[in-house]
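Undergrad: Below you will find the structure I want to go over with you.
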Amino acid sequence: MSTTQTINSLIENGNRYANSLTEYSRRKTITVNVGDVPMGSDYPIRVQSMTTIDTLDTLGSVEQTIRMVESGCEYVRITAPSVKEAQNLDNIRKELRVRGYSVPLVADIHFTPNAAELAARLVEKVRINPGNYADKKRFETIDYTEIGYQVELDRIRDKFLPLVNICKEYGTAMRIGTNHGSLSDRILSRYGDTPLGMVESALEFLRICEDENYFNIVLSMKASNTQVMVEAYRLLCKKLAEEGLKPYPLHLGVTEAGEGEDGRIKSAVGIGTLLEDGLGDTVRVSLTEDPEFEAPVAKALIDRYTHRKEKSTTISAYTPNSTLQTQHSFDSPINPFQYFRRHTHEVANFGGHNVPRVIADFSQIEVSAHDDLKPIGHFYLPLPDKWTMNDLGADYIYTANNPAKYMLPMGLKEILDAPAWDKQTDKVNKFPLFTLEQYQTQSYRHDFLNFLSINLSNLDTSVIGQIKADKTLVLVVETDNEHAMPALRRLFFELIAQNISTPGVLVRKYENLPESDFQLFSATDCGGLLIDGFGDGILLKLPDLSEKAELLTKSKSYNSTAFGILQAARTRMSKTEYISCPSCGRTLFDLQETTALIRKRTEHLKGVKIGIMGCIVNGPGEMADADYGYVGVGKDKIALYRGQNVVKKSVHADNAVDELIGIIKEDGVWFEPAASLEAVFE
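Numbering (my numbering), first residue to last: 12 to 693.
Now the structure itself:
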């Protein structure tokens with residue numbers, strides 16, 4: 012069988028979307044020319060962002076673009092909601108050239124084909140959203156016949172062809188960018204609110220381009236839900252190959268990621284997961300911050316893969332029903348296009364239907380004072396002599412060989428290295444962590460919960476049998492491979508192949524990393540596994556430090572990051588989620604200030620999802636599965652949503668946050684926030 016036939020066979024099996032799941036190999040694409048900065052697998056992964064200044068403000072747009080270029084942007088996107096903004100793109104471009112900047116500009120188009128057709132004559136690239144380029148959203152379900160659906164496709168073709176012809180004539184590139192939240196009624200009626208619907212939305216437009224021999228195209232599948240986003244990009248790659256379409260470059264991004272730590276972690280979970288498998292040719296990180304802060308985050312994510320292949324060690328390829336065979340295969344025991352959590356049996360509060368647990372690393376910290384547990388969300392109240400905890404209270408602490416000096420609160424358990432545990436008087440409320448050698452040579456065990464540290468190289472027939480026989484085990488999975496996420500994923504593949512349902516805790520440790528890179532890298536490594544359905548807990552080990560104060564400071568950040576990763580991967584919701592767009596020239600109020608205000612007033616509403624959108628383009632559709640929405644509809648005018656339904660229209664911005672809280676109260680979701688435990692004990 013030829014290589015092509017083998018690949019086609021694997022595609023038909025339904026799981027091929029990348030070159031390899033165990034070796035870093037960037038997906039091969041065609042080259043797309045965007046001005047003088049080409050994109051594709053023959054070139055570095057490009058960085059881009061989007062201006063937030065009104066497009067009619069020529070000098071403001073130029074100066075912000077320059078700041079973005081100097082921060083690392085290789086493409087700059089500018090909104091063109093109507094013809095007048097599209098016309099002004101020419102003035103912006105000319106002024107940039109006068110100032111010596113040749114950065115390619117991308118016109119962002121929604122709803123307005125005439126603006127797209129003008130912009131395509133003026134700038135290097137146009138982005139269209141297939142969900143609203145030729146369709147208007149009415150939230151209707153339509154029962155199409157095959158003939159009726161073809162009539163709709165013919166209508167789209169007629170509306171889209173003029174832009175295709177202009178792009179061909181002017182050498183303009185195009186991004187066909189599907190957004191999860193703005194799928195057309197037609198697509199939703201036929202495919203549902205699914206990754207397949209997202210993919211088909213783009214392919215309908217792409218097939219028209221290929222029919223016209225226009226190939227200067229980039230594709231994207233953006234969503235705020237990281238699971239949906241990753242599944243859609245993977246499915247897109249599979250479908251392109253299945254249909255014999257060209258392998259177009261991919262623009263990666265998580266829409267409405269938010270701000271600060273949450274925005275960075277969420278972006279890394281989605282974007283990093285795809286980069287790990289060699290997908291992606293340009294990256295935009297969407298933060299509710301000034302755009303010059305986005306490019307360095309995108310660059311940090313991208314730079315991690317510059318020398319990944321040389322630095323990583325070989326991972327044995329997975330082959331069904333075998334133990335660590337090394338023949339090349341892409342077979343996967345999971346469906347990479349739909350989320351399913353790996354089946355595990357319950358051990359204490361790990362596995363089964365339990366949410367993933369957070370284990371805080373206190374192996375270098377002597378737990379001698381009550382305040383030592385404050386960084387991980389556990390607070391001692393002297394007057395009533397009791398403990399309380401916040402929403403980010405860790406479930407376990409790992410103290411290695413240095414057990415806590417006092418009885419821990421009921422909501423927190425302790426894990427010790429096995430030899431240290433064996434010396435404890437209390438062997439019930441503390442739990443042992445074994446190395447493989449200790450596990451195989453020592454006879455002592457906890458009655459119902461034991462931890463076993465293991466890596467891919469440990470797994471052989473004997474070890475597999477021991478793991479299967481012991482229903483008190485939780486595996487603590489580690490790797491020192493630079494290509495960490497696929498190495499750990501390969502271990503979980505083997506567990507599935509061997510019918511092992513033992514829960515597994517994800518462990519990562521990073522030395523000498525800036526705080527920002529730690530958040531991005533840990534979110535990629537652990538988040539990618541969680542997206543694939545792997546991981547019943549997370550342990551982020553602290554770097555080797557000597558000062559207790561510094562370690563405690565780090566422990567707070569690491570604990571917050573662990574909970575943030577679980578939330579971003581949609582596997583454990585521990586705090587309010589904000590789906591806020593990054594702002595652009597369409598934004599009709601101060602998005603950053605408003606997001607901060609809404610967060611301040613509502614951050615105690617654990618598990619509630621609030622969408623904060625700058626304009627109607629990023630309105631009810633883009634909020635996807637938000638519970639409540641705050642959307643700009645005019646200058647200082649806000650529409651408030653319950654789900655995707657408008658509850659109040661044209662509320663003045665001065666009153667809109669209070670009105671939003673009023674709606675939440677009407678639904679019985681609201682409760683008054685307790686005094687901040689952190690503030691009380693500062």
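Built from N, CA and C at the ideal position, the CB exists for glycine as well.
Mapping the DSSP letters down to three states, classify T337 as helix, strand or coil.
TA: Caution is warranted here: a pLDDT of 45 is assigned to T337, below 50, making its placement in the model unreliable, and no coordinate value can be reported.
Undergrad: Just mark G476 as buried or exposed, buried being the case when its beta carbon has 16 or more other beta carbons within 10 Å.
TA: By the neighbour-count rule (16 or more Cβ atoms within 10 Å), G476 is not buried but exposed.
Undergrad: When you compare only the Cα positions, how much space is there between F692 and K136?
TA: Residue placement at F692 is flagged as unreliable, the pLDDT there being 47, under the threshold of 50; a coordinate-derived value is accordingly withheld.
Undergrad: If distances are taken between C-alpha atoms only, which option among T266, S82, D433, S113 comes closest to V45?
TA: Checked all of T266, S82, D433, S113; the closest Cα to V45 is S113.
Undergrad: Which value, in whole angstroms, describes the spacing of the CA atoms of R197 and G264?
TA: Distance between the alpha carbons of R197 and G264: 24 Å.
Undergrad: In chain order, what residues of the same chain have a beta carbon less than 7 Å from the beta carbon of E151, not counting five sequence neighbours either side?
TA: The residues are D196.
Undergrad: Tell me which residues share the same chain as V80 and place their Cβ nearer than 8 Å to its Cβ, disregarding the 5 neighbours each side in the sequence.
TA: The residues are V87, Y112, V114.
Undergrad: Under 7 Å between the Cβ atoms of G283 and L312?
TA: Yes. Within cutoff.
Undergrad: Mind checking whether K617 and D402 have CB atoms under 7 Å apart?
TA: Yes. Within cutoff.
Undergrad: Between the C-alpha atoms of H697 and K147, what's the straight-line distance to the nearest angstrom?
TA: In the structure displayed, the chain extends from 12 to 693; residue 697 sits before or after that span and is not available.
Undergrad: Just to confirm, are V229 and P258 a CB contact at a threshold of 7 Å?
TA: No. Outside cutoff.
Undergrad: Consult DSSP for K659 and reduce its assignment to one of helix, strand or coil.
TA: Residue state, collapsed to three classes: strand.
Undergrad: Is P514 near T410, with beta carbons less than 7 Å apart?
TA: Not closer than 7 Å, so no.
Undergrad: Less than 6 Å between C-beta atoms, sequence neighbours within five positions excluded: which residues of the same chain meet that for I219?
TA: R168, F171, listed in sequence order.
Undergrad: With C-beta atoms as the reference, is T483 less than 7 Å away from L467?
TA: No.
Undergrad: Whole alpha helix (DSSP H) runs in the stretch 40–104 with 4 or more residues, listed along the chain?
TA: Entirely contained in the stretch 40–104, the alpha helix (DSSP H) runs reaching 4 residues are, in chain order, 69–81.
Undergrad: What are the boundary residues of the beta strand (DSSP E) that includes P497?
TA: First-last for P497: 495–508, but that is the alpha helix (DSSP H), not the beta strand (DSSP E).
Undergrad: Could you have a look at G622 and say whether DSSP puts it in helix, strand or coil?
TA: The answer is strand: DSSP assigns G622 an E or B state.
Undergrad: Return the first residue and the last residue of the alpha helix (DSSP H) that N666 is part of.
TA: Counting along the chain, the alpha helix (DSSP H) containing N666 begins and ends at 664–677.
Undergrad: What are the uninterrupted segments assigned as beta strand (DSSP E) that are 3 or more residues long and contained completely in the stretch 208–264, given in chain order?
TA: Complete beta strand (DSSP E) runs here, min 3: 228–233.
Undergrad: Spatial neighbours of A306 within its chain, please: C-beta separation below 6 Å, excluding the five flanking residues on both sides.
TA: If we look at A306 and ignore the five residues flanking it on each side, its Cβ neighbours are V58, S60, S82, G83, C84.
Undergrad: Which same chain residues, not among the five before or five after G622, have their C-beta less than 6 Å away from its C-beta?
TA: Cβ neighbours of G622 beyond the five flanking positions: I590, M634, A637, G640.
Undergrad: What is the rounded straight-line gap between the Cα of N140 and the Cα of T446?
TA: Approximately 52 Å, taken between the alpha carbons.
Undergrad: Compute the Euclidean distance between the alpha carbons of N413 and T66, then round it to the nearest angstrom.
TA: Their Cα atoms are separated by approximately 60 Å.
Undergrad: Return the Cβ separation of Y28 and P525 in integer angstroms, given the expectation that the two are a contact with Cβ distance under 8 Å.
TA: Wrong, their Cβ atoms sit about 32 Å apart, outside the cutoff.
Undergrad: How big is the Cα-Cα spacing for Y316 and D292?
TA: Approximately 12 Å between the Cα atoms of the pair.
Undergrad: Closer than 7 Å by C-beta to L207: which residues in its own chain qualify, once you throw out the five before and the five after it? Chain order, please.
TA: Correct list, in chain order: L246.
Undergrad: Pick helix, strand or coil for G274, following the three-state DSSP scheme.
TA: In this structure, G274 counts as helix in the three-state DSSP scheme.
Undergrad: Which residue comes first and which comes last in the beta strand (DSSP E) that contains M519?
TA: For clarity, residue 519 is Arg in the given sequence; the question names Met instead. From DSSP, the beta strand (DSSP E) with R519 extends over 515–520.
Undergrad: Ordered along the chain, which non-local residues of its own chain (more than five positions away) have a Cβ less than 7 Å from that of Q338?
TA: For Q338, the pLDDT reaches just 41, beneath the cut-off of 50, and the residue's location in the model is therefore unreliable, leaving the point undetermined.
Undergrad: Please identify the residue among T205, E270, P443, W398 whose C-alpha is closest to the C-alpha of L608.
TA: Among T205, E270, P443, W398, the Cα nearest to that of L608 belongs to E270.
Undergrad: According to the neighbour-count rule (16 or more other Cβ atoms, all chains shown, within 10 Å of its Cβ), is N125 buried or exposed?
TA: By the neighbour-count rule (16 or more Cβ atoms within 10 Å), N125 is not buried but exposed.
Undergrad: Does the contact criterion of 3 or more C-beta pairs under 8 Å hold for the stretch 486–503 versus the stretch 532–541?
TA: Yes, they touch.
Undergrad: Thinking T63 and D437 are a contact (beta carbons under 8 Å), I'd like their distance in whole angstroms, please.
TA: T63 to D437, Cβ: 56 Å. No contact.
Undergrad: Just verifying my parser: in three-state terms, what is the DSSP assignment at Y28?
TA: Of the three classes helix, strand and coil, the one that applies to Y28 here is coil, per DSSP.
Undergrad: What is the DSSP secondary structure of N466, counted as helix, strand or coil?
TA: It is coil, neither helix nor strand.
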